[in-house]
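Enquirer: The UniProt record's numbering applies: residue 1 is where the sequence shown begins, and numbers increase by one. For every residue, glycine included, the Cβ atom is placed at its ideal position computed from N, Cα and C.
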Amino acid sequence: MATIIVKEQLEHGYLFQGKNYEGIPISFFWMQLPPDEGPKLHFHPYDEIFIILEGQAIFTVGESTVEVTAGNVLIGPANVPHKFRQTGSEILRIVTIHPSPKTIGTRVED
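Now the structure itself:
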């Protein structure tokens with residue numbers, strides 16, 4: 001049987017963790033960020049996939065800095081520190097996919 005989850009039922013920042021749904025092996029954040037917001041530098045023990053639905057952002061991935069816009073997909077490699085900041089005047093809508101039943105991250109900066 002299919003399961004329907006309303007985004008407001010997900011944890012902070014609309015976090016879906018597969019471990020809470022019969023051990024689904026994936027997790028994701030479904031975020032809407034205002035201008036100049038974004039996570040601080042951190043890394044994961046797995047690749048992270050970012051799908052930019054609307055808006056734009058500047059990503060730092062390792063030593064590289066890139067700008068992304070709606071329709072782009074960015075892949076952050078495992079164990080490489082990364083962060084992003086919303087740079088547009090409109091809301092940034094982004095989904096970040098974690099190939100793990102639980103999000104696992106280590107902060108590099110506070």
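1. Kindly list the residues whose CB is nearer than 6 Å to the CB of N90, restricted to its own chain and excluding five residues on each side of it in sequence; keep chain order.
2. Do you know how far the Cα of G23 is from the Cα of A70?
3. Count the other CB atoms, across all protein chains shown, that sit within 10 Å of the CB of I4; report buried if there are 16 or more and exposed otherwise.
4. How is the beta strand (DSSP E) around E90 delimited, first residue to last?
5. Classify G105 as helix, strand or coil using the three-state DSSP reduction.
6. Note down, in chain order, each residue of its chain lying with its Cβ closer than 7 Å to the Cβ of H12, except the 5 sequence neighbours on either side.
7. E67 lies in the beta strand (DSSP E); which residues open and close that run?
8. Do you know how far the Cα of G76 is from the Cα of I94?
9. From F43 to L15, what does the alpha carbon distance come to, in whole angstroms?
10. DSSP state of K19, grouped into three classes?
Expert: In short:
1. First, the residue type needs correcting, since residue 90 is Glu and not Asn in the sequence shown. When the five nearest sequence neighbours on each side are left out, the beta carbons in the same chain lying within less than 6 Å of the beta carbon of E90 are those of G55, in order along the chain.
2. Taking the straight line from one Cα to the other gives about 31 Å.
3. Exposure of I4 is indicated by the presence of fewer than 16 other C-beta atoms within 10 angstroms of its C-beta.
4. Per DSSP, E90 belongs to no beta strand (DSSP E) and is neither H nor E.
5. In the structure shown, the three-state DSSP call for G105 is coil.
6. With a pLDDT of 49 at H12, under the threshold of 50, the modelled position of that residue is not reliable, and no figure is offered here.
7. Note, E67: beta strand (DSSP E), 64–69.
8. A direct Cα-to-Cα measurement between I94 and G76 gives close to 14 Å.
9. Rounded to the nearest angstrom, the two C-alpha atoms are 17 Å apart.
10. If DSSP states are grouped into helix, strand and coil, K19 belongs with the helices.
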